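To keep things clear, I will list the structure first and then write my remarks on it.
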Amino acid sequence: MTDVTGAHVDVLHTLFHSDQGGHEQVVICQDRATGLKAVIALHSTALGPALGGTRFYPYATEADAVADALNLSRGMSYKNALAGLDHGGGKAVIIGDPEKIKSEELLLAYGRFVASLGGRYVTACDVGTYVADMDVVARECRWTTGRSPENGGAGDSSVLTAFGVFQGMRASAQHLWGDPTLRGRKVGVAGVGKVGHHLVEHLLSDGAEVVITDVREESLRRITDLHPEVTVAADTDALIRTEGLDVYAPCALGGALNDDTVPVLTAKVVCGAANNQLAHPGVEKDLADRSVLYAPDYVVNAGGVIQVADELHGFDFDRCKAKATKIFGTTLEIFARAKADGIPPAAAADRLAEQRMAEARAH
Numbered sequence: 060m061t062d063v064t065g066a067h068v069d070v071l072h073t074l075f076h077s078d079q080g081g082h083e084q085v086v087i088c089q090d091r092a093t094g095l096k097a098v099i100a101l102h103s104t105a106l107g108p109a110l111g112g113t114r115f116y117p118y119a120t121e122a123d124a125v126a127d128a129l130n131l132s133r134g135m136s137y138k139n140a141l142a143g144l145d146h147g148g149g150k151a152v153i154i155g156d157p158e159k160i161k162s163e164e165l166l167l168a169y170g171r172f173v174a175s176l177g178g179r180y181v182t183a184c185d186v187g188t189y190v191a192d193m194d195v196v197a198r199e200c201r202w203t204t205g206r207s208p209e210n211g212g213a214g215d216s217s218v219l220t221a222f223g224v225f226q227g228m229r230a231s232a233q234h235l236w237g238d239p240t241l242r243g244r245k246v247g248v249a250g251v252g253k254v255g256h257h258l259v260e261h262l263l264s265d266g267a268e269v270v271i272t273d274v275r276e277e278s279l280r281r282i283t284d285l286h287p288e289v290t291v292a293a294d295t296d297a298l299i300r301t302e303g304l305d306v307y308a309p310c311a312l313g314g315a316l317n318d319d320t321v322p323v324l325t326a327k328v329v330c331g332a333a334n335n336q337l338a339h340p341g342v343e344k345d346l347a348d349r350s351v352l353y354a355p356d357y358v359v360n361a362g363g364v365i366q367v368a369d370e371l372h373g374f375d376f377d378r379c380k381a382k383a384t385k386i387f388g389t390t391l392e393i394f395a396r397a398k399a400d401g402i403p404p405a406a407a408a409d410r411l412a413e414q415r416m417a418e419a420r421a422h
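Now the structure itself:
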């Protein structure tokens with residue numbers, strides 16, 4: 060069943076049902092001249108202006124795009140809260156294949172829509188958008204981060220995203236094996252694009268054995284040409300079944316942990332850069348039942364948002380890296396709380412984030 064907008068009714072239910080959504084505002088944007096169709100979702104501004112990237116993706120349906128914006132923006136609220144940022148959560152999605160429809164005029168039109176929110180939403184890069192795109196958006200909207208250094212920005216945030224994931228992985232190793240190193244451990248990285256290839260460098264420097272997979276042949280070659288010792292798995296399905304795998308790092312799109320993948324995981328730790336790794340509620344319990352330690356995605360991949368938030372105050376890389384280093388301690392704190400409360404780490408992370416947002420609302 061659909062409503063008058065053509066969106067599935069269950070999407071609107073998610074929006075207005077506080078347990079699942081609780082979003083403050085959702086904006087549907089259309090510019091016929093440029094072909095722009097976008098959704099901007101603001102989950103919470105309790106801690107400050109909503110901050111989150113713009114995803115440019117060829118969704119199968121408009122309803123899928125709305126659902127993704129709702130899920131991603133909620134995740135940003137939790138991520139920003141646990142990263143210690145004075146920002147709420149927001150996310151935008153542009154519907155369509157960026158290879159086919161992305162244009163300067165479309166990005167300028169999108170920038171005008173973001174600007175119309177008057178600073179309630181601050182945007183940045185995400186899947187399908189890049190620093191050069193944010194430079195264009197910024198021409199129409201001053202609430203834009205992830206810009207190039209030439210345009211007053213910090214540049215590519217994937218460097219600190221990967222660094223933060225590596226800190227989460229070190230914390231996972233400390234919790235499970237008593238030593239914060241991946242030396243001698245076999246780590247599988249699914250998706251070695253913007254973030255994944257930086258993560259591979261950290262892992263190799265730390266002495267890990269690395270197995271990679273990616274749908275793009277050029278992404279694989281970029282790594283194997285530099286590091287012939289890195290092994291390539293045929294696909295993600297083969298990677299997660301790799302014998303002797305210690306850590307699995309999903310670094311592509313979300314939903315990597317589901318009813319099909321969790322039962323066949325050989326790794327004892329899951330810690331990666333992808334957003335929304337848990338395909339549905341209950342997967343975190345399935346992981347716990349299999350004694351797989353899950354480092355919540357929005358905790359460990361917060362390095363990028365730490366960087367783009369800092370850009371608003373005059374970017375300082377060392378200040379950002381110091382904040383991203385704290386992901387190690389936050390991850391350990393979540394594991395300790397999960398153990399004390401007898402709940403999965405994902406639930407413990409949610410409780411800590413909700414506590415910070417509730418305290419902000421109370422003031």
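With this note's numbering applied, the sequence shown corresponds to residues 60 to 422, in that order. Every residue, glycine too, gets a C-beta built ideally from N, C-alpha and C. Note that the structure is a prediction, hence the values are computed from the model and not measured.
- If you look at Leu263, you'll find it in the alpha helix (DSSP H) that goes 255–264.
- For the pair Pro355 and Ala315, the CB atoms are not nearer than the 8 Å cut-off.
- The three-state reading of DSSP puts Ser103 in strand, counting E and B together.
- For Val195 and Leu167, the gap between their C-alpha atoms comes out near 6 Å.
- Restricting attention to beta strand (DSSP E) runs no shorter than 3 residues, the segment 291–362 encloses them at 306–309, ordered along the chain.
- For Ile282 against Ile271, the beta-carbon gap comes to about 6 Å, under 8 Å, which counts as contact.
- Cα atoms of Arg242 and Ala197: separation of roughly 43 Å, rounded to the nearest angstrom.
- Residue pairing by DSSP places Tyr118 opposite no residue, since no beta bridge is assigned to it.
- Listed in chain order, the non-local C-beta contacts of Ala267 below 6 Å within the same chain comprise Leu241, Arg244, Val246, local neighbours out to five positions each way being set aside.
- Ala213 sits close to Glu370, with the two beta carbons spaced by under 8 Å.
- Boundaries of the beta strand (DSSP E) harbouring Gly247: 245–249, taken from the DSSP string.
- Here the C-alpha atom of Glu277 lies approximately 46 Å from the C-alpha atom of Ala419.
- Taking 8 Å as the cut-off, the beta carbon of Val218 is found no closer than this to the beta carbon of Trp202.
- A check of alpha carbon separations from Gln366 across Val85, Gly143, Thr120 identifies Gly143 as the nearest.
- For Ile402, the secondary structure class from DSSP, reduced to helix, strand or coil, is coil.
- Under the three-state reduction of DSSP output, Cys200 falls in the coil class, being neither helix nor strand.
- If you look at Thr283, you'll find it in the alpha helix (DSSP H) that goes 276–285.
- In the DSSP assignment, Val289 falls outside any alpha helix (DSSP H), carrying neither H nor E.
- The residue from Leu101, Ala232, Ala368 with its alpha-carbon nearest to that of Ala183 is Ala368.
- Between the beta-carbon of Ala221 and that of His261 there is about 6 Å, and that keeps the pair under the 8 Å contact cut.
- Distance check between His102 and each of Thr384, Gly81, Ser216, Gly331 places Gly81 closest, using alpha-carbon atoms only.
- Distances from the alpha-carbon of Ala191 to those of Arg179, Asp215, Phe172, Tyr169 put Asp215 closest.
- The segment 148–163 makes contact with the segment 90–99: 3 or more CB pairs, one atom from each, lie closer than 8 Å.
- If you draw a straight line from the Cα of Met135 to the Cα of Val364, it comes to about 9 Å.
- Under the three-state reduction of DSSP, Tyr189 is assigned to coil, being neither helix nor strand.
- Here the alpha carbon of Ala333 sits roughly 16 Å from the alpha carbon of Asp294.
- Taken through DSSP and simplified to helix, strand or coil, Lys385 comes out as coil.
- Cα atoms of Asp318 and His372: separation of roughly 43 Å, rounded to the nearest angstrom.
- Setting aside the 5 residues that flank it on each side, Glu392 is surrounded in the same chain by Leu411, each with a C-beta closer than 8 Å to its C-beta; the list follows chain order.
- With respect to the C-alpha of Leu263, the residue from Val289, Thr384, Val125 having the closest C-alpha is Val289.
- Rounded to the nearest whole angstrom, the C-alpha separation of Pro340 and Arg280 is 36 Å.
- Annotation: Asp127 to Val186 spans about 12 Å, alpha carbon to alpha carbon.
- For the pair Lys327 and Asp348, the CB atoms are not nearer than the 8 Å cut-off.
- A residue is called buried once 16 or more other Cβ atoms fall within 10 Å of its Cβ, and Glu343 is buried on that count.
- The DSSP-derived three-state label of Asp369 is helix.
- Between Pro208 and the set Met416, Trp236, Phe374, the nearest pair of CA atoms involves Phe374.
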